[in-house]
């Protein structure tokens, strides 16, 4: 049988299904409440376009391969995973709700707050849309606005403002279907930039106000956090793959050559490159080699990045928090590895900028490869899953029958016979930040 302590230390799995890669992670919370990564696997993704599944079979195969590798390395079996979602179909809206209470002498309770949140799932959406997250912003009690923790107060009229994240139902279902076809259960689907923020941000940054800009392969995702609450989310339909495509077309080279030119020689600031540096690209099948200027390559990169940050600037202004971000911008995702991108961002947005590595909450001895912005979403999803598991009640005492199978992974694809399911909350600890402060004695450590 499992004790509460053992239950909380179970290995959990996270899956980042991206445009260019599928990343699987296995990990758990160590005795110091730090996240211990047990295994990491990266597999090429060819079945996803701009964050949306475009080929079910290719995506399923990539998931199976990535999960099999982390199962082998971690010596643990994956049964359910938390998965990220992104794409240009993601939309965010602001909405408010009102609850009239019959007896003002009875304190406002958790049930009142949850009822307001539940009511948000009844709002009218565009055809084919689905609510992914409902994030509380602030509350008003009997016309007294700006309340963050109404629990325990007295009042008849309780109002709330919410930030609601929606996405296409088909895109959501396709991700879920791919995971299930790979033989896994989906514990939850989480917006990727929210997960990335969990991996790269400090407590002080979330309190002061910060924007996380996650530059992925297919999209650039934005999350604005102020006073520990997610205030705005946005998706820009361009990412690192768009830069590669620009270089391919502008320099008339193959796609893999364009990717190497971007990562090895490219810069987000053309003026910082050597104007005399010439790069020679071998010709195909004995054809004449092609010579390219490093500065011209960087000009192509800078033009696309400036376009992306024009859209980021617009999103920040739309959020109403552009001038309230004391901690500025944190860049993450694979695109954050571009040379001089931090300088371009700071100049273009007028905000202090740093590169976010997903190591804020990791235990010592984490795999060196994880200290790279490219793994921010996967690590954030893992942290989400672990923290959700930590909040669960202890597992019931039950007799554990001895395993009859011998060592090895030959039966790894068999259906798991246990029928117990998690009963975690609908939101992860990051999304619950506004809700957790309703209970002053609650543990708010991230």
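In the numbering used here, the protein residues as written are -10 to 435.
Where a beta carbon is used, it is the ideal one built from N, C-alpha and C, also for glycine.
Starting from residue i, trace the alpha helix (DSSP H) in both directions and tell me its first and last residue.
i: residue 366; result: 365 to 379
i: residue 302; result: 283 to 308
i: residue 161; result: 158 to 170
i: residue 181; result: 181 to 189
i: residue 278; result: It is not in any alpha helix (DSSP H) - residue 278 carries neither H nor E in the DSSP assignment.
i: residue 197; result: 192 to 197
Pick from the options: whose alpha carbon is nearest that of residue i?
i: residue 119; options: 80, 98 and 151; result: 80
i: residue 122; options: 179, 101 and 137; result: 179
i: residue 47; options: 60, 170, 140 and 24; result: 170
i: residue 302; options: 36, 75, 150 and 222; result: 222
i: residue 105; options: 93, 261, 128 and 211; result: 128
i: residue 57; options: 43, 31, 348 and 204; result: 31
i: residue 219; options: 310, 375 and 11; result: 310
i: residue 205; options: 198, 159, 135 and 230; result: 230
i: residue 332; options: 284, 364, 294 and 74; result: 294
i: residue 0; options: 254, 234 and 26; result: 26
i: residue 150; options: 130, 359, 249 and 181; result: 130
i: residue 267; options: 275, 252, 261 and 283; result: 283
i: residue 351; options: 334, 376 and 343; result: 376
i: residue 452; options: 263, 272, 85 and 95; result: Because residue 452 is not part of the residues shown, which for the chain are -10 to 435, the question remains open.
i: residue 276; options: 242, 261, 323 and 306; result: 242
i: residue 217; options: 143, 210, 233 and 198; result: 198
i: residue 329; options: 112, 360 and 261; result: 261
i: residue 95; options: 142, 273 and 254; result: 142
i: residue 113; options: 254, 155, 164 and 126; result: 155
i: residue 378; options: 6, 10 and 17; result: 17
i: residue 83; options: 92, 90 and 126; result: 126
i: residue 325; options: 6, 192 and 343; result: 343
i: residue 90; options: 124, 43 and 145; result: 145
i: residue 115; options: 108, 252, 78 and 174; result: 78
In chain order, what residues of the same chain lie with their CB nearer than 8 Å to the CB of residue i, ignoring the 5 residues before and after it?
i: residue 393; result: Per-residue confidence for residue 393 stands at a pLDDT of 40, beneath the threshold of 50, marking its modelled position as unreliable; no derived number is given.
i: residue 263; result: 283 and 284
i: residue 45; result: 36, 163, 166, 167 and 170
i: residue 117; result: 157, 158 and 159
i: residue 291; result: 256, 257, 258, 259 and 333
i: residue 280; result: 267, 268, 269 and 270
Within the same chain, show all residues whose beta-carbon is closer than 6 Å to that of residue i, passing over the 5 residues directly before and after it, in chain order.
i: residue 4; result: 13, 70 and 72
i: residue 49; result: 167, 170 and 171
i: residue 327; result: 257
i: residue 341; result: 317
i: residue 2; result: 15, 67 and 70
i: residue 337; result: 298
i: residue 398; result: For residue 398, the pLDDT reaches just 40, beneath the cut-off of 50, and the residue's location in the model is therefore unreliable, leaving the point undetermined.
i: residue 139; result: 97, 128 and 130
i: residue 244; result: 237
i: residue 323; result: 229 and 363
i: residue 360; result: 346 and 348
i: residue 250; result: 236 and 286
i: residue 195; result: 214 and 217
Tell me, to the nearest whole angstrom, how far the beta carbon of residue i is from that of residue j; I am working on the premise that it is less than 8 Å.
i: residue 24; j: residue 371; result: 7 Å
i: residue 201; j: residue 190; result: 7 Å
i: residue 39; j: residue 8; result: 6 Å
i: residue 362; j: residue 321; result: 4 Å
i: residue 208; j: residue 228; result: 5 Å
i: residue 439; j: residue 75; result: The shown model of the chain, from -10 to 435, leaves out residue 439, and the question about it has no answer.
i: residue 319; j: residue 347; result: Rounded, the Cβ-Cβ distance is 11 Å, inconsistent with contact.
i: residue 214; j: residue 254; result: Actually they are not in contact, since the Cβ atoms of residue 214 and residue 254 sit about 35 Å apart, beyond 8 Å.
Locate the beta strand (DSSP E) running through residue i, then write down its first and last residues.
i: residue 84; result: 80 to 89
i: residue 10; result: 10 to 18
i: residue 48; result: Looking at the DSSP string, residue 48 is not in any beta strand (DSSP E); the run it does join, the alpha helix (DSSP H), is 45 to 63.
i: residue 105; result: Here residue 105 belongs to no beta strand (DSSP E); instead the alpha helix (DSSP H) covers 99 to 109.
i: residue 5; result: 1 to 6
i: residue 128; result: 118 to 130
i: residue 212; result: 209 to 215
i: residue 356; result: Unbroken run through residue 356: none, as it is neither H nor E.
i: residue 136; result: 133 to 136
i: residue 30; result: 24 to 33
i: residue 71; result: 69 to 74
So, at 7 Å on beta carbons, what are the nonlocal neighbours of residue i in its own chain, with the 5 sequence-adjacent residues on each side left out?
i: residue 176; result: 69, 70, 71, 374 and 411
i: residue 88; result: 101, 104, 105 and 147
i: residue 288; result: 259
i: residue 246; result: 270
i: residue 385; result: The pLDDT assigned to residue 385 is 46, lower than 50, so where the model puts this residue is not dependable; a value taken from the coordinates is nonetheless given after this. Result list for residue 385: empty, nothing under 7 Å.
i: residue 235; result: 289 and 293
i: residue 210; result: 75, 181, 182, 203 and 224
i: residue 428; result: Any reading at residue 428 needs caution, since the residue's pLDDT is 44, under 50, leaving its predicted position unreliable; the model's value is listed next. The residues are 140.
(message) Quick check for students: name the residue ranges of the alpha helix (DSSP H) that lie wholly in the stretch 322 to 350, counting only runs of 4 or more.
(response) 330 to 338
(request) Write down every uninterrupted run of the alpha helix (DSSP H) in the stretch 220 to 276 whose length is 4 residues or greater and which is fully enclosed by it, in chain order. (result) Listed in chain order, they are 229 to 240 and 244 to 249.
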